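In my numbering, the protein residues as written are 49 to 764.
Printed below as a string of structure tokens:
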């Protein structure tokens, strides 16, 4: 539909019809049983007519159901405007992929794109039009449960994933390709900086940090064409994001040139009252519409008060019109006016959802996301070795994570199923293990099996509800009962391999003496198969951490790209008056970029294409990598740069490029990574971006810590 036709529709709409377009309601309001709607209707104090005309719908899926709702909606709407179905498809629809933090550990841009593409297919055939993904909040504090949804602590890596996910969800043409869905950038902005890692808490970051660390990944997704942006729950510079005019009018629209709609997070407009910046719902509505929030999710401040605001000041009609037009444009960008049912197809739904092809993709991506943290010659396990599988995560389908809306635990390949499919030498404990308590009988069974077998695979970790939204933890160790189980087994077993299922980095100090530790995250539908393939060596682990693991929660937040201090620890570690802890290292136990494999890869012969460059030049960094083992390996070569002197204190190292290279046994390859010097630009005190002349160091290695090669170049 042409733009002038949208303008014509807008001109015919009554003010109330326009306000209705700004309201998003959940699936509760679209059940077949009118009695089931009574409670939600009373809670929001809305009428059946408002429900019928609400502009977008949250959390409804199923091809036939969405077709039926859409048909009735268009028939009831006086202008035949279609509704738009949205949902939280975070890492898979029915075929569940690893959680986003695990996807970040693949360092594989194509794999992340593939995850988004398959998620889009399954969503679209089920009638959905838009997913609330990618979440691009930079994360540094593992106490925050929603680190599960982020791809990690680095702005460069997050930005690369942002582009891949948007392209995977949306493709090249949303109208022509009805098996794609629109992507929503969230949460704008800096939600991941919540103080104390406590969800919904205040965020207090400098504008320099905001712009340099938090905003780049959002902007990358917007530049990639993401169709909608969601507000954050937190404050930014003391102003709640959902009422923050600077964030949305100045930065998002004027600076980032974003023209699509902005949607509040669930209830966030009303929460302006709770924040204390609005005395009532009417003022909350005023602040949000002035900030540029177009869609109100699951509260009714707009529904109740926008018309009154318009009566008092015609300026609010202008703001209402621009909001409605952006919503109509989004519906038009999806082709809904001509094709209101879009990709919804009952037969395709049966054929494509949880297909063998999708499950195979989920397994391969899960394999790439698993990170080997420790290995004292315990892995890989030979298939003839007698293995005992023990622990609370051994037989459960709880391997998907908190945001697995349509995922079903009985469709998950458990760790037990995965191992039994690999070897007939596996004995699965019959003990009744619990995440927080183990019966004496289960401990007795564990010890008996540990003594009788050559290797114990101990499956430990979190339940799905222990990480995700509203799942912050002050203590990020394994539960005490699991640590006790580990210690009891370790005392009698020949070798103990620990598999960790979690949605966050944990303090693993209590089990650090394990013979091997495999961080499997929440690996998804095919998690058990992926874990088994890595344990038995059919897959050489290639995952590398995208978020650091602390020695202790007392270090948190701990991250690799810290600035120097006036009294840096590195200059004299034995000196008292330097920046350090008395009782623990300054550094992460397992740093950003870290991950072991079953191969021995070395780096040497670092070379730079130039020693002196200008700001618009590109430096080529070349390194030689050699696989000294017989086993093929995928090595992630990581490039870090340090700007030695800047107007502001610069990080000790910053990821500026990486490359994955496949090496067969004994192979040596030369790897070249291009570094545009413009990537060294950073935020100055006046909030402009720039680069100064001076010396920079280049470091290359397998992770952010073990960077043994350093060369210098100069910017003219």
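The beta carbon of each residue, even a glycine, is placed where N, CA and C say it ideally should be.
Only a predicted model underlies this, so the values are computations on that prediction, with no experimental measurement involved.
Under the three-state DSSP convention, the category residue i falls into
i           : result
residue 451 : coil
residue 222 : coil
residue 566 : strand
residue 183 : strand
residue 659 : coil
residue 133 : strand
residue 285 : coil
residue 555 : strand
residue 664 : coil
residue 690 : strand
residue 739 : coil
residue 465 : helix
residue 496 : helix
residue 242 : strand
residue 683 : strand
residue 425 : coil
residue 113 : helix
residue 527 : coil
residue 609 : coil
Closest Cα partner of residue i within the set the options
i           : options            : result
residue 580 : 751, 412, 525      : 412
residue 442 : 455, 504, 403, 487 : 504
residue 668 : 747, 543, 676      : 747
residue 438 : 543, 190, 124, 359 : 543
residue 90  : 604, 347, 717, 716 : 347
residue 181 : 163, 484, 649      : 163
residue 679 : 455, 662, 660, 711 : 711
residue 357 : 373, 377, 336, 374 : 336
residue 597 : 514, 570, 637      : 637
residue 512 : 446, 268, 453, 462 : 446
residue 302 : 662, 270, 290, 157 : 270
residue 266 : 236, 248, 244      : 236
residue 683 : 375, 105, 95, 153  : 153
residue 574 : 553, 449, 688, 137 : 449
residue 80  : 94, 70, 92, 114    : 114
residue 332 : 345, 342, 317      : 317
residue 484 : 530, 468, 524, 522 : 530
residue 754 : 652, 490, 721      : 652
residue 647 : 122, 703, 76, 714  : 714
residue 515 : 570, 224, 557      : 570
residue 440 : 385, 506, 427      : 506
residue 762 : 691, 722, 727      : 691
Unbroken beta strand (DSSP E) run spanning residue i, endpoints
i           : result
residue 148 : It is not in any beta strand (DSSP E) - residue 148 instead sits in the alpha helix (DSSP H) that spans 148–152.
residue 378 : Element bounds for residue 378: not the beta strand (DSSP E) but the alpha helix (DSSP H), 363–381.
residue 63  : Residue 63 -> not in any beta strand (DSSP E); alpha helix (DSSP H) instead, spanning 63–69.
residue 717 : 716–724
residue 549 : 544–549
residue 396 : Not the beta strand (DSSP E): residue 396 falls in the alpha helix (DSSP H), residues 394–400.
residue 518 : Neither: residue 518 is in no beta strand (DSSP E) and is coded neither H nor E.
residue 509 : 503–509
residue 560 : Careful: residue 560 lies outside any beta strand (DSSP E) and carries neither H nor E.
residue 759 : 757–763
For residue j and residue i, believed in contact at Cβ under 8 Å, the rounded distance
i           : j           : result
residue 173 : residue 111 : 6 Å
residue 508 : residue 460 : In fact, because the Cβ distance is near 17 Å, the residues do not count as touching under 8 Å.
residue 151 : residue 160 : 5 Å
residue 601 : residue 555 : 6 Å
residue 699 : residue 611 : 6 Å
residue 595 : residue 195 : 6 Å
residue 627 : residue 615 : 5 Å
residue 187 : residue 200 : 7 Å
residue 242 : residue 192 : 6 Å
residue 58  : residue 372 : 6 Å
residue 309 : residue 401 : With 8 Å as the limit, residue 309 and residue 401 do not qualify as a contact, their Cβ atoms being about 28 Å apart.
residue 604 : residue 245 : 7 Å
Residue interval of the alpha helix (DSSP H) (run including residue i)
i           : result
residue 710 : Unbroken run through residue 710 is the beta strand (DSSP E), 702–711; no alpha helix (DSSP H).
residue 407 : 404–417
residue 235 : Run containing residue 235: none in the alpha helix (DSSP H); it sits in the beta strand (DSSP E), 230–236.
residue 357 : 349–360
residue 98  : 96–101
residue 626 : Segment: none, residue 626 is in no alpha helix (DSSP H) and carries neither H nor E.
residue 162 : 157–173
residue 56  : 51–60
Heavy atom of the ligand GDP within 6 Å of residue i beta-carbon
i           : result
residue 611 : The ligand GDP is not among the ligands present in this structure, which contains no ligands whatsoever.
Secondary structure, alpha helix (DSSP H): runs of 4+ residues fully inside the segment 257–327: Considered as a whole, the segment 257–327 harbours 263–271, 319–323 as its complete alpha helix (DSSP H) runs of no fewer than 4 residues, in chain order.
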